[in-house]
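Enquirer: Sharing a structure here in structure tokens format.
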Amino acid sequence: MSKKIDKQGPVTLATDGKGPWDSPDSSDTGAASSSNGRGGSPKPDPVNPWDPSTEPAARARSRGPSLEELLRRKGGGFGGLPQRPDGKSWWPLLIGAFFALWLIWTSVHRIGPEQEGVVTQLGKYARTVQPGIQFTLPAPIENITKIDTRQIQTTSIGSPKASSENLVLTRDQSIIDMAYDVRWSIKDPELYLFQLDSPQDTVKEVAESAMRAAVANFDLTQAIGPGRGAIELEVRRRMQQVLDEYRAGVLVQSISIRQSDPPAEVNDAFREVNAAQQRRESYLNDARAYASRVTELALGETAEFDKIYVQYREAPEVTKRRLYYETMEQVLGKVDKTIVETGGVTPYLPIPEFQKRAAPKTEPVTVTGNKQ
-14 MSKKIDKQGP VTLATDGKGP WDSPDSSDTG AASSSNGRGG SPKPDPVNPW DPSTEPAARA
46 RSRGPSLEEL LRRKGGGFGG LPQRPDGKSW WPLLIGAFFA LWLIWTSVHR IGPEQEGVVT
106 QLGKYARTVQ PGIQFTLPAP IENITKIDTR QIQTTSIGSP KASSENLVLT RDQSIIDMAY
166 DVRWSIKDPE LYLFQLDSPQ DTVKEVAESA MRAAVANFDL TQAIGPGRGA IELEVRRRMQ
226 QVLDEYRAGV LVQSISIRQS DPPAEVNDAF REVNAAQQRR ESYLNDARAY ASRVTELALG
286 ETAEFDKIYV QYREAPEVTK RRLYYETMEQ VLGKVDKTIV ETGGVTPYLP IPEFQKRAAP
346 KTEPVTVTGN KQ
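According to my numbering, the sequence shown is numbered sequentially starting from -14.
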């Protein structure tokens, strides 16, 4: 059987208005069975894998119910919560409880005994509250910031290590390496929070400036020795003055110098110089002590001479003879004497020598006592 194909006209396929994914109907099934020469079961048409209606029943059962079906089966209100015994939803009660907790949490505040609370209303300063239980409007209408006003904070500047030197110039153009601590506290919480952007950095910078200005009034010897106390007082005064001008709300408690030494490059030489200065001071102190003793002795002899002069004016001969005898007694009191008279020499009998030989030898006596 031959068919003629018109090459000029379009070629059309008879699909009976069905696509390749459409399910076959009864007529198509019958036609397919009649066309099958073997007389067996008809061949199934292809199934669209994206069509849920064509999914096998076994797969649909194994998938289980969806979330929407589960919520619908509970028969509750919004969100699938079970209803109350009176048939109403639990959500109003939950919302009310959450609001009450939020109201209590943001409205009741406990301020410690060492703290003060700064209250802001819509971001603007409102008031400062004292320690105790305090109440505010709920957030975000009012917020409270707790400030520890009695805590002593410490800012350390410089370090004893050579890797972080803090060099300061003295009055005599010398350079010293200083390390010190600044102890400060908060005296006005309002100013501390809102006046300066970074109060800690401000305290450190003001301390460095005040230290340089104070050390510039002292020479090297004073800065590393007896002048430390005066420098600390001067730095504290300057810092408090500048911070008050800044309205920082900070109170400087004390300044403590931990180190005041020359730079590491000349530290050994400076120690030798310092040791020499200490030896000089020691020698000067010994000389002053000796001069004091000699002066006191001279003053005593002068006072004795004045007394003798008064006696000499009253009785010159008697005083001269007494002075002569006293002087001879001091000179000849402990020596052997030989007396030679004019007109001849008399035999000398060394009586003192005999007395020394005749004197009995005494043995040392040891005295012991009982301890009580």
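All C-beta atoms in this analysis are idealised placements derived from N, C-alpha and C, irrespective of residue type, glycine included.
Using the three-state DSSP reduction, which class does W342 fall into: helix, strand or coil?
Expert: Going by the sequence as given, residue 342 is Arg instead of Trp. The answer is helix: DSSP assigns R342 an H, G or I state.
Enquirer: For my contact list, L178 and R232 are in at a C-beta cut-off of 8 Å; report their separation, rounded to the angstrom.
Expert: Rounded, the Cβ-Cβ distance is 12 Å, inconsistent with contact.
Enquirer: Put A111 into one of helix, strand or coil per three-state DSSP.
Expert: Here A111 sits in strand by DSSP.
Enquirer: Which residues mark the beginning and the end of the alpha helix (DSSP H) in which R223 is found?
Expert: From DSSP, the alpha helix (DSSP H) with R223 extends over 213 to 231.
Enquirer: Would you mind working out which of I293, A198, I129 sits nearest Y110, comparing C-alpha positions?
Expert: That would be I129, whose Cα lies nearest to the Cα of Y110.
Enquirer: Under three-state DSSP, which class holds L282?
Expert: Here L282 sits in helix by DSSP.
Enquirer: When burial is assigned at 16 or more other CB atoms within 10 Å of the CB, is Y165 buried or exposed?
Expert: Label assigned to Y165: buried.
Enquirer: Return the CA-CA distance between I126 and W169, expressed in angstroms with no decimal places.
Expert: Using only the alpha carbons, I get a separation of about 33 Å.
Enquirer: Between which residues of its own chain and G143 is the CB-CB distance below 6 Å, once the five residues before and five after are set aside?
Expert: Taken in chain order, the residues that qualify are N151, M163, A164.
Enquirer: Out of curiosity, what's the CA-to-CA distance linking Q158 and F120?
Expert: In a straight line, the C-alpha of Q158 is about 60 Å away from that of F120.
Enquirer: Between G61 and W75, what straight-line distance do the alpha-carbon atoms span, to the nearest angstrom?
Expert: In this prediction, G61 has a pLDDT of 46, which is less than 50 and means its spatial position is unreliable; what the coordinates show is noted afterwards. Straight-line Cα distance between these residues: approximately 10 Å.
Enquirer: Taking Cβ to Cβ, would you say V103 is nearer than 7 Å to P174?
Expert: Yes. Within cutoff.
Enquirer: Closest to Q106 by C-alpha separation, out of R95, I118, L122, F290, would be which residue?
Expert: Among R95, I118, L122, F290, the Cα nearest to that of Q106 is on L122.
Enquirer: Is P98 near P77, with beta carbons less than 7 Å apart?
Expert: For P98 and P77, no; Cβs fall outside 7 Å.
Enquirer: What's the gap between the Cα of G318 and the Cα of P301?
Expert: Near 25 Å, if we compare the C-alpha coordinates of P301 and G318.
Enquirer: Helix, strand or coil for V104, going by three-state DSSP, please let me know.
Expert: Three-state result, V104: strand.
Enquirer: Would T130 pass as an interface residue toward chain C - the criterion being a Cβ-Cβ separation below 7 Å?
Expert: Of the protein chains in the structure, only one exists, and it is not chain C.
Enquirer: Along the alpha helix (DSSP H) that carries E193, what are the first and last residues, could you check?
Expert: It spans 184 to 200 - the alpha helix (DSSP H) in which E193 sits, taken as one unbroken run.
Enquirer: Quick one: give me the first and last residue of the beta strand (DSSP E) that K131 is part of.
Expert: That run of the beta strand (DSSP E) goes 127 to 133.
Enquirer: Which class does Q180 belong to by DSSP, given the choice of helix, strand or coil?
Expert: If DSSP states are grouped into helix, strand and coil, Q180 belongs with coil.
Enquirer: Determine which residues share a DSSP beta bridge with R95 and list them.
Expert: According to DSSP, which records beta bridges pairwise, R95 is partnered with I118.
Enquirer: Tell me, which residues are paired with A164 by DSSP?
Expert: Answer is Q244.
Enquirer: Where DSSP assigns a beta bridge to L152, which residues make up the other side?
Expert: DSSP lists D162 as partners of L152.
Enquirer: Can you list, in chain order, the residues of its chain with a C-beta nearer than 8 Å to that of I160? Leave out the 5 residues immediately preceding and following it.
Expert: These residues qualify, in order along the chain: L152, V153, L154, P247, P248.
Enquirer: Measuring alpha carbon to alpha carbon, tell me which residue in N270, V167, I118, D133 is nearest T140.
Expert: Minimum Cα distance to T140 is reached at V167.
Enquirer: Closer than 7 Å by C-beta to R213: which residues in its own chain qualify, once you throw out the five before and the five after it? Chain order, please.
Expert: Correct list, in chain order: I242, S245.
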